[in-house]
Every structure is written in structure tokens, then in C-alpha cells.
């Protein structure tokens, strides 16, 4: 296929896709010893060749404007157009080092966004510097470490992480120099108070929790958990990946959490971008405010300015985070406004429970309680055909539905984790339900059809093992 | 009910019936009552028109200036094509490519991106992107300390101070000791490097062109490091490698840095994009996503995320990095930029920036109030010293629609009268002349 080629494969010598102005300024020739001595090998294409190439590349992708993404713990909601238009406004595209009095508008956006996030989460201050959720986790854990160190409490080396947690949690704990201690949770993913008590001690630095957890269950003992952890001298970290269902209903700060991150690309609709850029603001209670990463953006009288705080964990980004992302989040926050935050929480929870109840006769539902934004099926209810969760996921592709998150959380063998955000209408949800029922029916009547899916996508199932065995990772490896 | 939340009251009622509860609040019964009672002070819901009004208000609080600052964020030209491509919903709204059958678009451009990065750096393999150059450099440090099982790292003093600060933060929490190599005439002192390098150091991080814009001689490092089996980590603004000999040519183990200068708009500091490229030997120590080639069941060439056993979602607490997917859309931006500019355009944009910065520099040092600082070949940043009061200078330039240069005194108390300037291909001769005229009256 003509359009299946790589940009390198459509390159023709001396094709150009750009134009730059001519100048009368005398060229400066760099010292020859510094210059490349090989011929740079990059594509040469005309503008139309480039546009057509990438347009055709784009056709190989799914996207939110095409269809539904019931991806658990990822909150794939509609990305409003106005967010993009606002962020494109050149009036905001300043150099990050231009003097602060000429960038007051941008700094106000930063300040106001962190203020609204504080209000929504029940915390007292946010830094928007962290670039992504995982980055936010790392920052949060550094805060915990610095806080204990400042209190000369250096034996606190352990971070407790439930086994149902996102993989980044234990990884972030390690990268921040902690030992991650995994604790078994109850069947519904909630914290086993007895086990938690046994773990807590004078070596506990803190605990990382997702609430609702990855099974969509709200940690109803959270006040008790917070009390226990605080009594043991530890801090509570809230992984904000699952914040969406709680918007306008309940706040992590009120539950007793000391620190949290928010994934703006999830809860606040800045797009996922095919895997970034995200933004992972970190919020804290007042007593930890000074620990937020430098530079801190503060308001003095009526002027916004940067502050380097000696107590801070340090600097974790070159500048002030992903401005182009949080300007979109700010747009979204203003659009939703006080009136509608609770409808986000409510309607996402409504969608999730509606799907759960509608499909529980076809798929195995290990946790039957009312869920929040997401829930998990453990594969098909009738597994006699041998159809797996992977097969179901691949068959959904034939129906123009992005598969749910699969094989996570790890507590079930055939996890299918479903999260329908509030932006999905009842009709879209009903369509998903009927597709899921159809796939369950096919699994019974014609299992090979499902096992060999997908059938309609531009590529079929891939040989992932050979890709890892013999890595070919650039164009030159194909020559 | 609301434009982003479609449910009507009737639909909600119908759905609640299926669930078997009466009221939507019944879905939140397990949440302790006292947690539900709170007040929050946030703005009212804004219509689109009100949103535009609000942002016009904010825009008016900014001042759009003609920029003569570089220092790691460059005001290069972004061709129109780019925005149109990256805003296609298939790219903008897609999820991370875990389902390769419907993510071949993302995976293909990541593969092209990796190819472009390896061509520019002459390294074996690149990952699918990093947050920015500073965090990428910190990750490179982690690669080195993990590989070498050594807890010290050498860092050149001529590294961008913001990158230094990020490295220091990351190092501190993992008990890694950062030892700085002295600078001499704005360049890394090779003598000091040779003296300080030891078998306790996992390697060295050196930047070229460095923070001052000076092109460093990277030749001496490899042989010195071979004696201690340390790793060579070279930080470069990757756009400079369209012209300059890249890290791979100096036997670097890791090439790292920012790729913002390949067409990424300034956007007040982010989102930008960092890169990491390394050798075949170190490939499995590299953080982040890597895209590889494979075949589907019909033997059709296809792309897939590979070598995932390195990553946090598999290794959890044993992972050396917590990086997930991150700057994918920026990787697309850099890829499209590199494609439309091609090898000629990439070089031309940098060469004009070099010419403009030199033109600006030569005019600046002819002024009575400015003088040269270093005598070395520089790229598109340059340091000058001024006798003028820095605040007066800045206010005067801002009032006339220009930025000043970056004030180095903010980073180094020995450089209180030093400024770092840059003039990209976007600056015209007329703008530079007007800038100089504006300085002349001071």
C-alpha cells in the first residue's frame, strides 16, 4: 500500500516542504572541526507529501471523536474544542524567561488554576510544575521524604502500597528512594485494616491510595485509615487517577489526605495526545505548602511572582510545567463551573453502574456493590469456550469500540476494567452494552470468530514476542 | 442538561431503574455523610463567550515581546502545516497505543520519531520521548548509576543551571552524589574532569553547546572514561546536531536533551519534549516507551510497543524509572517538523539563528555599555557583560517591545552584570537593528 510507507520511504532527494526568509546578514561559518562529517539522513518531502502522509497515518488511529473509550482508570472524556482554541492564542505563547511583570496574565492562569484545584480537592495549595501523573507521584513522595527528614525522622523508609494500586505507585516510591511495601487488600480492593495496622510503625513514611480504588470501590473506612496512618506518624498520598467520580461530591483533603496529584489530561479533559503531554499538579495541606517544588508561583499584593523556597523539595522541571496543558484545564474548569462539577461525578457513576447491571448476566462480576466511576469484570461469565479477555478486547475493535483496560488490576485473572465518563450519552452507553452482549454471544456460538479477532482493523493481531526478541527500533534497522 | 453532559432527567431515571436505586444520590450512600458537606469557592459556569472575554482580559495582562532570549527555550518558526496535523483528533484525542491494531498511527510516528532522533544523535536507539531535557538528563543519570552500581556522578558546571537543579533534586532522593567539574573560559575544564574522574563515578554529564552557547570539545572524554569504565552522557539541544557532530561520534553512551527547538512553540515553558538515545548495550536500561517493528498474522509490517519488561507497570517497585508514556503529541510535532523542514531546512533554520546571534553579538559589543566575555565558538546563545543597571535595562527594553537577555546573575552571583542573548531565524535584521538602537540611547 502506497500510504503504508514510512516518511523515510517516500523521501525524494531535493524535495522541500519549507520556506525561510532570505537575509542580508552575513553568514557565520562555524569552525569546521565542530561540524558533522557525515551526511545527515532525514526525509526530504514537499509540503503536500508530508500532509498527505501524516493524514493517512492519522487514519490508522482511533480517537475520542470517533468512538467510545471505556478505559478504566484513564477517564477518556470528550476534549472540548474551545480548550484548544484558547491554548493556541499567541498572546499566551511567551518565552518562559521574559520578565514577570510582562507575563502577569500567564501567571494568573497558573495561580487561578491551582486555586480552583485546591477548592475542588480540599487541599490548600497546588504546584502545576509536575509534567504528568507519574511525575506528580514522584514529587509527592519527595515531599513526604523531605518532610520526615526535616523532622529528623529519618527511619521512615517505607511507603505502603495496596496490591491493587497503579504500577507507577511502587515505582515512584522506589525512585524517590523509599521501600515500597505491598499490602494485600480485601476482595473489593479496599484496605484490610488489620493488615494495615500490622504494617504501620515508626518506619512508615506514608501510604499511597487511590480512592475509589482500581475496582471502583470507595474506601468507606477512609477516615479511620487516615487516623491510623497519622497516629503512626505517616502521611497519606492520594493518587488522583480516579478523581472524576468524586468531583463536587467529596474531597480528598476532607478525607484526611495530605498530598495528592491530579491528572489534568484525565479529569479535566485536556487531551491524552496519544500518550502525552499530560500534566500532574500536586496539592498539599497547608503545613506542607513550603515543600512544593520550586519555583513556586505566589501572589504578593496584586502581583504574581516566582519564589524559590528553601524548604522546597527542589526543582523538578526546567520551567513551570506544561502551561499549554493547564491553560486548557483552566478553560474547562471555567466552563464547568460551580453548577456542574457534581454532575460530572454523578453521571460518570451513573453510567458505570448502568453498564455493570446491564452486563452482569454475560460477564463475571466479582464485586457486586455499587461502584463509583469504574468496575471490573473477571472475563466472561461462561468461560467454557476458552475466549479470554484479550479476545474480547480485540473483538470490540471490530465494533469500533476501544477496549476497556485489560488484565489490570492484577487481583483478577481476566480483568476487564470499564470506565464510562460522564460525556457519554445513554445512547452511546446502550450501544456499548449491546456490543458487549453480542461479543458474549459470539463467544458462545462462534468462539473462533472472537479468538481470531480483530477482522476489520488495518492490521491483525501482532507478533509482539518477536518484536522484543529481535528489536528493530528505527528505520535503519529495516534496511 | 449541559453541553458536555448529555443525560436528561428522564434518561437518568431510566438508568437508575436498571441499577435498582431511586435517586442518583443513592449511588454515593457509602460515603460518610460528614465528608459530603463542604463549601467550595470556584467560578460560576462560563459560556463560550464569557470564556473568550475572560481570556482576553488575561491576554491583556501579558506583553508580547520580540524575544532575544534562548537559554534552553528557542523562538523558532513552526510551519503552519504542523498545527493542522497535530490537531487532527486521531492524534490529539487518542489514548496511549496499548491496543496496536487501532493505534498504528501513533506507533508509526513514534517509530519515525525514534528514527529521526537516532539519525541526529548517531545513537543506536531512542525512546518515545521524555517530559523535557532536564528530567531526561536526570533519567540518564539514573541509567548510569544503575548500570554502574555507583552512587556518584560528575556534572560539568557549564550545564544549564535549571538542568543542574533538576539533576540535584532527583539525585538527592536516591542518595546520589553530584560532583561538579569546574569551568574555564566558559567551558568544561578537561583538566579538572581528569582529576576528579574516579571509579566511584558512574560517568559524566557534559553539555554542548553549553549553557553559554559555547560549543565544547567532546573529544577528550571517551579515553579518560575508559580508564574508569564510566559512561559519557552528552546533553545537547538536538536541533544543533543538524550541523554539529553528534554525541554518537564522540563515543557517548547516552545522548540526552531537549527537542523543543525542533518546532515546538514557546508556550511559556511547556509542553516541551526531551529525548534520550543510547547504545545497543544500554537499550534495556533505557526508561520510557520504545516502539518496534513486527508483523501481524497476515505478515504485514506493523508497529508495537516493545521491551516493556523494563517498565514500571511490569517491574513495579523494582523499576529504575517511573516514566509512563508522556510527550507523544510533541514527538509527532518534532517528527512533522523534521519531515517538512527536511535535512536542508533543519540546517538552514539553525544556520540563520547562528548568523543572527553573531550579528547581534557583534553589534552589542560595539556599544560602549557592553563587552565580550568569552573567546570561544558559540552557536545560538551568547554571553555579554554590561555596565548598565540590569533592572533599568530590562524595563527600557520591555517598554520598547523587546525582551532583555537572560540575566545570569539570577543563577550565579559572580555574573551579576552578565546577560545571555539569542536571536533565532525569526528575528529580522530590522528587529535586531531596532533592538540595538534601543540600547544605544541608554
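Chains as they are written, first to last, in our numbering: chain A, 1 to 479; chain B, 1 to 442.
Even glycine gets a Cβ: it sits at the ideal position worked out from N, Cα and C.
- One thing to note: residue 326/A has its Cβ no nearer than 8 Å to the Cβ of residue 385/A.
- For residue 391/B, there is no enclosing beta strand (DSSP E); the enclosing alpha helix (DSSP H) has its first and last residue at 390-399.
- Annotation: the continuous alpha helix (DSSP H) that includes residue 313/B extends over 312-315.
- Contact annotation: residue 321/A and residue 131/A have beta-carbon atoms nearer than 8 Å.
- In this structure residue 302/B touches residue 104/B by the C-beta definition: roughly 6 Å separates them, less than 8 Å.
- Listed along chain A are 23, 25, each with a C-beta nearer than 8 Å to that of residue 356/B.
- Taking a C-beta distance under 8 Å as the contact criterion, residue 40/B and residue 416/A do not qualify as a contact pair.
- One alpha carbon belongs to residue 171/A, the other to residue 312/B, and they sit about 6 Å apart.
- In the DSSP assignment, residue 162/A is bridged to 183/A.
- Rounded to whole angstroms, residue 125/B and residue 341/B show a C-alpha spacing of 23 Å.
- A Cβ-Cβ separation of about 7 Å places residue 32/B in contact with residue 220/A under the 8 Å criterion.
- Taking 8 Å as the cut-off, the beta carbon of residue 164/B is found no closer than this to the beta carbon of residue 314/A.
- Annotated three-state conformation of residue 150/B is coil, per DSSP.
- Going by beta carbons, residue 356/A and residue 341/A fall outside the 8 Å limit.
- In this structure residue 94/B touches residue 272/A by the C-beta definition: roughly 7 Å separates them, less than 8 Å.
- When C-alpha distances from residue 124/A are compared across 396/A, 257/A, 438/A, the shortest belongs to 257/A.
- Contacts with chain A at 8 Å (Cβ-Cβ) include residue 75/B.
- Residue 336/A is a Cβ neighbour of residue 45/B, given a cutoff of 8 Å.
- By the criterion of a C-beta distance shorter than 7 Å, residue 440/B is surrounded in its chain by 367, once the five residues flanking it on both sides are discounted.
- Less than 8 Å divides the Cβ of residue 68/B from the Cβ of residue 435/B.
- Taking C-beta atoms under 8 Å as the contact rule, residue 64/B and residue 91/A qualify, at a distance of about 6 Å.
- Here residue 466/A carries a helix assignment [DSSP, helix/strand/coil].
- With 16 or more other Cβ atoms inside 10 Å of its own Cβ, residue 252/B counts as buried.
- With contacts defined by Cβ atoms closer than 8 Å, residue 81/B and residue 336/B form a contacting pair.
- Runs of the beta strand (DSSP E) spanning 3 or more residues and lying entirely within the segment 353-432 of chain B occur at 370-372, 382-386, 418-421, in chain order.
- At least 8 Å separates the CB of residue 261/A from every CB of chain B.
- Rounded to whole angstroms, residue 277/B and residue 13/B show a C-alpha spacing of 55 Å.
- Sixteen is the threshold: when 16 or more other Cβ atoms of the shown chains lie within 10 Å of the Cβ of residue 108/B, as they do, the residue is buried.
- In this structure, the alpha-carbon of residue 19/B lies about 42 Å from that of residue 201/A.
- Contacts between residue 298/B and chain A, judged by CB atoms closer than 9 Å, involve 459, 460 in chain order.
- When the five nearest sequence neighbours on each side are left out, the beta carbons in the same chain lying within less than 8 Å of the beta carbon of residue 381/B are those of 70, 71, 209, 211, 212, 213, 357, 420, 421, 422, in order along the chain.
- Near chain A, meaning a CB-to-CB distance below 9 Å, the residues of the segment 97-118 of chain B are 97, 98, 99, 100, 101, 102, 103, 104, 105, 106, 107, 108, 109, 110, 111, 112, 114, 115, 116, 117, 118.
- With a cut-off of 8 Å on Cβ pairs, the segment 290-301 of chain A is not in contact with the segment 343-354 of chain A, counting fewer than three such pairs.
- Measuring C-alpha to C-alpha distances from residue 299/B to each of 464/A, 473/A, 46/A identifies 464/A as the nearest.
- Around the beta-carbon of residue 1/B, fewer than 16 other beta-carbon atoms lie within 10 Å, marking it exposed.
- Remark: fewer than three beta-carbon pairs, one from each stretch, lie closer than 8 Å, so the segment 237-252 of chain A and the segment 95-115 of chain A are not flagged as touching.
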